[in-house]
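Notes follow once the structure below has been shown.
2 protein chains.
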Amino acid sequence: MNLNDLIKEFGTNQHYEKKTHVFLQGDEDQFLYVIQEGVLKAYYNDVEGKEYIKSFLFSGDNIASTQALNQGKCSFSLLCLEDTRLIKLPYSKVREAASKNLELANAIIELLMSFAMKKEQREYELLCLSAEQRYEKLLKNSPNIFQQITQNNIARYLGITPVALSRIKHK
Amino acid sequence: MNLNDLIKEFGTNQHYEKKTHVFLQGDEDQFLYVIQEGVLKAYYNDVEGKEYIKSFLFSGDNIASTQALNQGKCSFSLLCLEDTRLIKLPYSKVREAASKNLELANAIIELLMSFAMKKEQREYELLCLSAEQRYEKLLKNSPNIFQQITQNNIARYLGITPVALSRIKHK
DNA sequence: TCAATTTTTTAACCTCGGTTAACGATTAGA
DNA sequence: TCTAATCGTTAACCGAGGTTAAAAAATTGA
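For the protein sequence lines, the chains are A and B, in the order given. Numbered according to the working numbering, the first sequence spans residues 72 to 242. Numbered according to the working numbering, the second sequence spans residues 72 to 242.
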């Protein structure tokens, strides 16, 4: 059994319209989502309502709140920036299947390893790079992102305000 | 087979003296380390030599460079702040064993999941909190750290200069 | 114990990015 | 097509944190 088999057996297809949420910060949501089509943003809100964007998601990406999977509440919200199709997979089924099937367990290891590497990379960028360096890096690694994501959202992803990003661009 | 069995079979005990490195940024090092005793810092250096501290490690913690495990070179250095005893485990053996043993594969899933959660937490702090908020949080969650780690190092972990941390403290 | 080293503090000055606000430009809906 | 939102830009002002340097405090080692 591999991940695709698991998805076929336990996954359900979901459709979300642009501007609707898959889940909200604070929700209980023990599902793993695999994006089939669409664009989403995962973001935090602080107590004053200020927004901080964790990541953008495109077809092929997958996402879940590790907090929610393990303790209970989602630490962030997931919003569709475009109409989105995704597969929703109960995490309990994933763990259950992994505990019984070696091939699947190893597929989950691959998945978690690549997730861990992405998070470590982001940690590096936020810790070691200036806003301007993070912008340059994004421009280099994901030049297409600027066609799909507003500058407003990109700024919040880089950890700065839209005003600051506008300033960085024009110099 | 579980992680302890694996460690017994393939792990080697190592001793490092204070101020010596386990590995350096740029090294190839396909090992997983489990700290038995000691205090270490994992840190990045940028091109100008400036230091950014990724994490501190204490007994019971484990560490590896995910970059090095998967592509080749360590993205950071690992330095002993105190005399350290640790167990060194070849990553190839871990993967080999996981591919053959269900119980172990599931133990690795646990390990990676907790690693992913820690990285996600750090991402949150760097993205959403101010330096002062990060300091308050550290003070609350790890009050003992201030006995083991110099303020200099804590500042670099928080993503600010020692001068800035001294200012934050005295207000 | 004393000198050398390291760590922490303080001060002056500077830069980057935040805040607010106003104004175009663009997009989306009716 | 026209109107209302949304988005991006620009400017003025402010504050957090960086830089440099020097001094004070603490630690280390001979």
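We treat Cβ as the ideally placed atom computed from N, Cα and C, and that holds for glycine.
Under the 7 Å criterion on CB atoms, Ile220 of chain B is classed as non-interfacial with respect to chain A.
With respect to the 7 Å criterion, Ala139 of chain A and Ser126 of chain A are not classified as neighbours on the basis of their beta carbons.
Burial is judged here by how many other beta carbons sit within 10 angstroms of a residue's own beta carbon; Lys190 of chain A has at least 16 and is buried. Interface residue (Cβ-Cβ distance to chain A less than 7 Å): Tyr115 of chain B is classified as such.
Glu207 of chain B and Ile239 of chain B have their C-alpha atoms spaced approximately 10 Å apart.
For Gln192 of chain A, the closest C-alpha among the options A:Lys171, A:Asn212 and A:Cys151 is that of A:Asn212.
Where Ala235 of chain A is concerned, the enclosing alpha helix (DSSP H) starts and stops at Pro233 to Lys240.
Taking each of B:Ala187, B:Phe217 and B:Lys159 in turn and checking the Cα distance to Gly82 of chain B, the smallest one comes out for B:Lys159. Gln107 of chain B sits close to Arg156 of chain B, with the two beta carbons spaced by under 7 Å. For Glu80 of chain A, the enclosing alpha helix (DSSP H) begins and ends at Leu74 to Phe81. DSSP places Phe127 of chain A in the uninterrupted beta strand (DSSP E) bounded by Glu122 to Leu128.
For Val165 of chain B, the enclosing alpha helix (DSSP H) stretches over residues Tyr162 to Lys171.
In the structure shown, Ala187 of chain B adopts helical secondary structure according to DSSP, grouped into three states.
Leu103 of chain B sits in a strand when the DSSP states are folded into three classes. In this structure, Ala178 of chain A sits near Leu74 of chain A, with a CB-CB distance shorter than 7 Å.
Within chain B, no residue has its beta carbon less than 9 Å from that of Tyr104 of chain A; the closest one is some 16 Å off.
Taking a 10 Å sphere around the C-beta of Ser148 of chain B, we find 16 or more other C-beta atoms and assign the residue as buried. Of all residues in the region 160 to 183 of chain A, only Ala169, Ser170, Leu173, Ala176, Asn177, Ile179, Ile180 and Leu183 come within less than 7 Å of chain B when Cβ atoms are compared, listed by chain position.
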